[in-house]
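**Student:** Below you'll find the structure I mean.
Protein chains: 2
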Amino acid sequence: MNQTPYKRKIYLEDKPRAEAREEILAASRLTPEIEHLAVAEALGRVTAEPIFARVSMPHYHASAMDGIAVVAERTYQAHEQNPLFLKIGADFCFVDTGNAIPSPFNAVIMIEHVHVVDEETIEIIEPATPWQHIRPIGEDIVQEEMLFPQGHQLRPADLGVLLAAQQLVIPVVKKPVVAIIPTGNELVEASAALSSGKIIEFNGTVFSGFIKDWGGEPRLHSIVKDEPEKIKEVLLEAAETADIIVINAGSSAGRKDFTVHIIGELGEVYTHGVAARPGKPTVLGKINGKIVVGVPGYPVSAYLALEWFVQPLVCQYLGVPVPQRQKVTVKLGRRIVSSMGAEDFVRMNIGYVDGQFVANPLTRAAGVTMSYVRADGLLIVPPNIIGYEQGDFAEVELLRPLEEIKEAIVFSGSHDLTIDLLSSQLKRVRTDMKIVSSHVGSMAGIMAIRKGEAHVAGIHLLDPDTKQYNISYVRKLLAGQDVILYPFLKRKQGWILPKGNPLEISAVTDLVRTDANFVNRQKGAGTRILFDLLLKETGLEPEAITGYDREMFSHLAVAAEVNGDGNGAGLGIYPAAKAMGLDFVPVADEEYDLVMKRSFFESEHGRLLVEIIQSAAFREQVEKIGGYEVVGNAELKSLAD
Amino acid sequence: MNQTPYKRKIYLEDKPRAEAREEILAASRLTPEIEHLAVAEALGRVTAEPIFARVSMPHYHASAMDGIAVVAERTYQAHEQNPLFLKIGADFCFVDTGNAIPSPFNAVIMIEHVHVVDEETIEIIEPATPWQHIRPIGEDIVQEEMLFPQGHQLRPADLGVLLAAQQLVIPVVKKPVVAIIPTGNELVEASAALSSGKIIEFNGTVFSGFIKDWGGEPRLHSIVKDEPEKIKEVLLEAAETADIIVINAGSSAGRKDFTVHIIGELGEVYTHGVAARPGKPTVLGKINGKIVVGVPGYPVSAYLALEWFVQPLVCQYLGVPVPQRQKVTVKLGRRIVSSMGAEDFVRMNIGYVDGQFVANPLTRAAGVTMSYVRADGLLIVPPNIIGYEQGDFAEVELLRPLEEIKEAIVFSGSHDLTIDLLSSQLKRVRTDMKIVSSHVGSMAGIMAIRKGEAHVAGIHLLDPDTKQYNISYVRKLLAGQDVILYPFLKRKQGWILPKGNPLEISAVTDLVRTDANFVNRQKGAGTRILFDLLLKETGLEPEAITGYDREMFSHLAVAAEVNGDGNGAGLGIYPAAKAMGLDFVPVADEEYDLVMKRSFFESEHGRLLVEIIQSAAFREQVEKIGGYEVVGNAELKSLAD
């Protein structure tokens with residue numbers, strides 16, 4: 001909160017990302033420093049010069065077999081009908097694989113083809129040809145050959161070749177130092193006590209991790225206040241001691257966004273605003289010969305901007321290409337809208353269902369870090385495309401290994417806290433498997449099964465007519481599909497209320513009576529359908545409820561909103577209330593079942609899932625939470641009409 | 001060399017690799033140790049337990065925009081025809097993105113939609129809806145949600161989420177300690193002076209690199225002599241202090257291969273010999289609860305065995321899946337023969353030519369480390385397949401990034417030392433490009449162009465009739481193809497001879513006169529064709545030449561063989577002799593040209609190649625070597641009849 005009047009520059013450029021990148025790469029012409037390292041210390045480092053072999057390997061004529069060394073020309077008479085007897089020392093000597101062949105010998109006979117007569121004599125019945133079973137000098141490495149060019153990132157086996165060629169200390173490119181400067185009055189260190197309006201500074205640690213992964217050396221500065229003079233001082237110091245400078249936040253065009261002005265004052269600005277979302281409010285400039293990248297404050301924007309501009313600078317310094325992510329073609333589960341004239345970076349969940357990759361966008365909000373953490377891939381919508389229709393195929397860059405995506409069980413539907421536990425248990429049994437879940441609500445879960453976008457959907461849908469859970473919905477919405485309904489959990493739904501229930505809420509009418517700040521769930525969520533049913537039974541209209549339109553996507557999110565609001569109220573499951581130390585007034589015992597295609601249910605993954613649900617370990621974990629009963633091993637619910 | 005009589009067990013098992021692996025994974029049931037690390041130290045480490053959020057992010061109602069905070073219900077009357085004037089403090093306050101929304105405000109209006117009247121008053125013409133532009137508590141992270149399960153390898157952005165959720169110190173799995181024990185009387189440390197029969201111990205450093213890459217902690221022991229008592233002592237000590245033990249060499253069935261006996265004596269042996277090549281002579285056992293992997297001595301066998309058995313053990317300890325390599329389907333340029341009943345791991349060069357991946361096997365010799373270093377991929381021939389025909393398609397696992405393979409210029413044909421320089425220069429200009437060369441000789445180079453397996457072939461083929469280089473061969477062998485012949489180098493061919501030329505060789509007849517140890521080149525090599533021509537002109541038969549059948553694949557390899565043999569002699573280029581300090585007697589000035597398809601010559605890559613050949617920097621480098629003249633910028637040779 002700030003009471004000063006508003007002064008700002010509202011507009012940013014929309015410079016194409018590639019153009020902005022090429023400009024700074026051309027402007028940054030540092031000569032990389034070289035350091036000399038012992039080979040064992042050089043793993044992952046980048047050669048600064050071509051490296052040539054100092055010796056050959058083998059560096060002598062070596063036996064390629066266990067056997068005897070002979071003079072080939074003296075064995076030419078040997079034949080099955082004419083065995084040749086050789087005397088040790090004079091005619092032959094024993095050699096093992098790798099042994100040097102002593103003069104005058106020039107061939108090796110394998111031990112399997114030799115008959116030992118006595119300690120001094122052997123018999124052979126076949127001649128040897130010159131140089132047989134002898135490794136030529138330099139068979140592996142030839143002295144003076146180029147082992148690696150400059151710009152080669154050293155892998156484990158490369159170190160062996162260097163040692164073998166007697167290159168023991170090698171020139172590698174110094175890791176470029178990247179100064180990371182977090183700015184903002186709202187920032188506090190992670191260890192600080194939190195208060196309203198304060199944000200933990202974590203981007204710096206994330207940037208440091210990226211820089212390390214890319215082969216640079218991060219140097220993380222302490223938090224700098226939003227004071228232009230202080231920021232200038234820190235930037236000038238960084239321009240002396242670092243090779244690349246990253247300054248976080250203040251890069252937009254708001255009244256506290258000093259970055260662009262300061263860079264312009266101390267050096268030059270190349271770009272203010274790139275045609276890419278999120279990440280648009282990026283500043284690119286140079287101070288005293290060092291490139292400065294001003295990245296936006298929102299985490300996802302920041303990570304993308306870092307990748308677009310700082311990774312290429314690090315790679316340019318090292319003399320290596322920018323690594324490319326593996327790509328895969330996916331079918332889009334939803335329509336994706338994009339703006340003309342700008343690239344859109346859409347974080348995607350990808351599932352592998354029925355032999356096809358299916359992808360759905362996660363939230364587009366740049367402030368939602370978890371959307372980046374949870375994403376399996378990035379869909380990059382080019383500037384000249386306004387989006388894709390549902391069902392279109394598109395190429396995405398993978399943020400996780402392909403195998404991890406292929407082995408994941410895709411879970412859709414209603415949110416329940418036990419799904420994470422289930423995933424964790426699954427991973428204990430099979431480290432290469434997990435459950436990827438998206439909380440879209442029961443109805444959307446059913447639709448995901450129908451569209452082949454999920455393996456399993458969790459649903460809890462009360463039929464107002466039959467008073468039965470789930471069965472009628474599955475019958476109707478998945479008619480004609482070979483699906484099963486697996487009874488998973490019974491759980492308690494009820495009012496989630498501030499500690500002590502100050503408004504004394506125990507029924508929907510109490511919400512109206514007290515004008516409580518209700519927190520609702522999204523459309524299609526089983527809990528919302530339950531709430532609507534409660535309203536209908538009471539004869540109330542949605543308009544009577546304050547906050548009816550305030551939609552959250554999970555029970556925990558509802559509880560989090562209620563937490564700290566003395567007038568708050570929500571509807572959700574018991575463990576969500578318990579987790580936040582809130583009050584809970586039960587409303588219904590509901591049946592939370594799993595819908596699956598029969599083919600999945602009967603597959604190896606499906607069987608494993610059921611096995612884990614039925615395990616004592618999982619049941620114990622769930623029942624310890626409270627408010628649950630694992631049904632798990634009952635019969636499938638009948639879907640017959 | 002060893003004069004003791006021979007005692008050995010000749011046969012090894014042929015156990016399927018997967019079976020052998022499952023056995024040791026089942027036998028190794030260590031409980032991983034946990035350590036607690038500060039988040040910033042935990043990059044790349046693996047979570048030991050599920051980790052839950054301690055606080056929400058945002059942990060307060062935060063403005064999602066720069067603007068003003070208002071009470072939504074008090075703005076409902078605002079309209080273009082009915083502007084509403086609000087007073088600071090009472091009716092609104094200014095907020096920036098991320099600021100906390102103070103009570104009683106419950107909505108934000110973007111600054112763009114606000115008209116500032118004076119320092120205390122603003123005007124709005126549109127109502128706000130409750131909670132608009134306010135980030136709900138937990139929009140990103142909800143307190144108590146599971147952030148990561150156990151077995152999650154932490155990436156940069158994950159660290160941010162942990163800090164934001166106030167998980168500052170987290171439980172990770174300790175890196176499993178892998179003891180690496182090199183054994184062998186023939187081994188010397190890399191810094192030692194080399195003598196015949198001594199081999200530099202480099203596998204230990206390579207293993208350490210692999211273990212680090214896989215997330216373990218290598219502990220490399222000094223070299224242990226081939227003495228059973230000493231080996232026992234070291235193994236028992238390792239079983240106390242390490243989690244996994246690797247012992248290098250002595251794993252086969254020769255007379256000094258003690259490993260299997262010692263493991264059997266100290267613990268139990270599960271496997272001695274796996275059905276996979278190279279890498280068959282592997283021993284798997286257990287001593288005092290720790291798995292021991294005895295890997296073969298030949299480098300390529302050793303690296304493969306390590307990957308097959310040690311990587312899964314490390315991953316099992318960490319609780320993560322074994323990473324899979326990216327795969328790609330390639331067309332095979334040559335026939336590949338494999339043995340029934342065993343898997344074959346064939347190192348492959350892969351080129352991307354005319355939009356297709358084409359792959360050729362490198363040497364199958366397990367002792368040739370460079371074949372592993374140079375390989376782009378591994379073709380794994382299953383045990384029930386006896387191989388593939390030329391032109392078949394097969395899937396290979398990539399050892400390099402796909403993009404690196406796609407951007408490489410594939411060079412085939414005759415060996416020349418300048419090709420590495422050319423590649424190095426190319427990489428200076430475009431870090432994502434390089435030349436991948438295989439030395440197959442001029443004739444095979446032409447065939448590679450014909451079959452679409454290479455972009456460029458280097459050839460030097462003298463036509464005995466026309467006395468012209470290259471033209472007649474290209475006309476005949478590439479008839480009907482749209483190719484060009486680019487004049488690249490003139491270079492000196494001659495006799496490569498021991499220092500001082502003790503045998504006084506200056507003609508092919510001198511080889512016969514002195515019975516010199518001749519070192520020849522492989523069939524199809526231009527140098528061999530030249531030698532055959534010399535023989536023919538002299539009226540000599542190949543049988544007259546000692547060593548005619550001793551074939552090397554490069555000029556340097558010929559020089560390496562001549563080096564140190566007072567009776568040696570070879571035919572090759574001047575710089576090879578010079579590099580090894582050998583004598584050189586010129587025989588011919590030859591024209592070394594480049595054949596390319598016209599489409600490649602005119603492509604971006606082709607133009608870049610020519611540009612670098614014509615650069616002063618490249619010419620200087622080449623002419624500094626001696627024996628060369630870069631032709632480079634002359635006209636293309638005419639191929640018209």
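Heads up: the sequence lines are chains A and W, in that order.
Be aware that the first sequence starts at 1, since it is given in UniProt numbering, and climbs by one per residue.
Be aware that the second sequence starts at 1, since it is given in UniProt numbering, and climbs by one per residue.
Beta carbons: idealized from backbone N, C-alpha and C, even for Gly.
What's the C-alpha gap between Tyr628/W and Lys490/W?
**Tutor:** Distance between the alpha carbons of Tyr628/W and Lys490/W is about 6 Å.
**Student:** Cβ atoms of Pro149/A and Pro299/A: under 8 Å apart, would you say?
**Tutor:** Contact flag unset, no.
**Student:** Determine which residues share a DSSP beta bridge with Tyr469/A and list them.
**Tutor:** In the DSSP output, where bridge partners are listed per residue, Tyr469/A has Leu462/A.
**Student:** With a 10 Å radius around its C-beta and 16 neighbouring C-beta atoms as the bar for buried, classify Ile141/A as buried or exposed.
**Tutor:** Buried, since its Cβ has 16 or more Cβ neighbours within 10 Å.
**Student:** So if I threshold CB-CB distances at 7 Å, which residues from the segment 320-342 of chain W count as touching chain A?
**Tutor:** Cβ contacts with chain A: Val320, Pro321, Pro323, Gln324 and Gln326.
**Student:** Is it a yes or a no for the segment 78-96 of chain A touching the segment 502-521 of chain W, going by three-plus beta-carbon pairs under 8 Å?
**Tutor:** No: fewer than three Cβ pairs fall under 8 Å.
**Student:** According to DSSP, His115/W sits in a beta bridge with which residue or residues?
**Tutor:** Answer by DSSP bridge pairing, in chain order: Glu123/W.
**Student:** Is the beta carbon of Glu217/W closer than 8 Å to that of Lys175/W?
**Tutor:** Yes, these two residues count as a Cβ contact at 8 Å.
**Student:** With distances taken from CA atoms, which of Asp463/A, Ala577/A and Pro278/A is nearest residue 647/A?
**Tutor:** Any answer about residue 647/A is impossible in this case: the structure gives chain A only from 1 up to 641.
**Student:** Considering Phe345/W, what are the terminal residues of the beta strand (DSSP E) in which it resides?
**Tutor:** First-last of the beta strand (DSSP E) with Phe345/W: Glu343 to Val353.
**Student:** Counting only Cβ pairs nearer than 8 Å, list the residues of chain A close to Leu556/W.
**Tutor:** In chain order: Gly138, Val142, Gln143, Glu144 and Glu145.
**Student:** Closest to Pro586/A by C-alpha separation, out of Lys523/A, Asp565/A and Ile505/A, would be which residue?
**Tutor:** Residue Ile505/A is the option with its Cα nearest to Pro586/A.
**Student:** Quick check: is the beta carbon of Asp515/A nearer than 8 Å to any beta carbon in chain W?
**Tutor:** No, no contact with chain W.
**Student:** Who are the near neighbours of residue 645/A in its chain, counting only those whose CB is closer than 8 Å to its CB and skipping five residues on each side?
**Tutor:** For chain A, the structure presents residues 1 to 641; residue 645/A sits outside this window and is missing.
**Student:** Using DSSP with H/G/I as helix, E/B as strand and the rest coil, what is Gln3/W?
**Tutor:** At Gln3/W, the pLDDT of 36 sits below 50, so the modelled position is not reliable and the matter cannot be decided from this model.
**Student:** Return the CA-CA distance between His61/A and Val558/W, expressed in angstroms with no decimal places.
**Tutor:** If I take the Cα positions, the gap works out to 13 Å.
**Student:** If we call anything under 8 Å between Cβ atoms a contact, is Thr466/A one with Gly160/W?
**Tutor:** It is not a contact, given that the beta carbons lie outside the stated cut-off.
**Student:** Please list the partners that Asn203/W has in chain A, where partner means a Cβ-to-Cβ separation under 7 Å.
**Tutor:** Residues of chain A passing the Cβ test: Gly160.
**Student:** Under 9 Å Cβ-Cβ, which residues of chain A neighbour Arg550/W?
**Tutor:** Simply Pro130, Trp131 and Pro136.
**Student:** Going by DSSP, what residues sit across from Ala239/A in a beta bridge?
**Tutor:** In DSSP, Ala239/A forms no bridge with anything.
**Student:** Do Leu639/A and Ile471/A have their C-beta atoms within less than 8 Å of each other?
**Tutor:** Yes, they are a contact pair.
**Student:** What residue does the alpha helix (DSSP H) around Gly445/W start on, and which one ends it?
**Tutor:** Counting along the chain, the alpha helix (DSSP H) containing Gly445/W begins and ends at Ser442 to Arg450.
**Student:** Anyone know if the C-beta pair for Thr124/A and Leu154/A falls short of 8 Å?
**Tutor:** The identity of residue 124/A in the sequence shown is Ile, whereas the question assumes Thr. Not a contact, by the Cβ cut-off of 8 Å.
**Student:** Output the distance between the C-alpha atoms of Thr75/A and Ala365/W, rounded to the nearest integer angstrom.
**Tutor:** Rounded to whole angstroms, Thr75/A to Ala365/W spans 26 Å at the Cα level.
**Student:** Check whether the Cβ atoms of Val410/A and His455/A lie closer than 8 Å to each other.
**Tutor:** Yes, they are a contact pair.
**Student:** Give a yes or no on whether 8 Å exceeds the smallest Cβ distance from Phe210/A to chain W.
**Tutor:** Judged by the 8 Å Cβ criterion, Phe210/A is in contact with chain W.
**Student:** Closer than 8 Å, CB to CB, is Lys434/A near chain W or not?
**Tutor:** At least one chain W Cβ lies under 8 Å of Lys434/A.
**Student:** According to DSSP, is Arg219/W part of a helix, a strand, or is it coil?
**Tutor:** Strand, per DSSP.
**Student:** Just verifying my parser: in three-state terms, what is the DSSP assignment at His455/A?
**Tutor:** If DSSP states are grouped into helix, strand and coil, His455/A belongs with coil.
**Student:** Rounded C-beta distance between Ile496/W and Gly570/W? I'm assuming under 8 Å.
**Tutor:** Going by Cβ atoms, the distance from Ile496/W to Gly570/W rounds to 4 Å, so yes, they are a contact pair.
**Student:** Using a Cβ-Cβ distance cut-off of 8 Å, determine whether Gly480/A contacts chain W.
**Tutor:** It does not; no Cβ of chain W falls within 8 Å.
**Student:** To the nearest angstrom, report how far apart Leu362/W and Glu397/A are at their CA atoms.
**Tutor:** Each residue's Cα considered, the two are about 32 Å apart.
**Student:** Looking at Ala448/W: is its Cβ nearer than 8 Å to the Cβ of Ser412/W?
**Tutor:** For Ala448/W and Ser412/W, yes; Cβs fall inside 8 Å.
**Student:** Measure the beta-carbon distance from Arg219/A to Val169/A and round it to whole angstroms, keeping in mind my assumption that it falls under 8 Å.
**Tutor:** Their Cβ separation, rounded to whole angstroms, is 26 Å, which puts Arg219/A and Val169/A out of contact at 8 Å.
**Student:** Report yes or no: is there a C-beta of chain A within less than 8 Å of the C-beta of Lys492/W?
**Tutor:** Answer no: the Cβ-Cβ gap between Lys492/W and chain A never drops below 8 Å.
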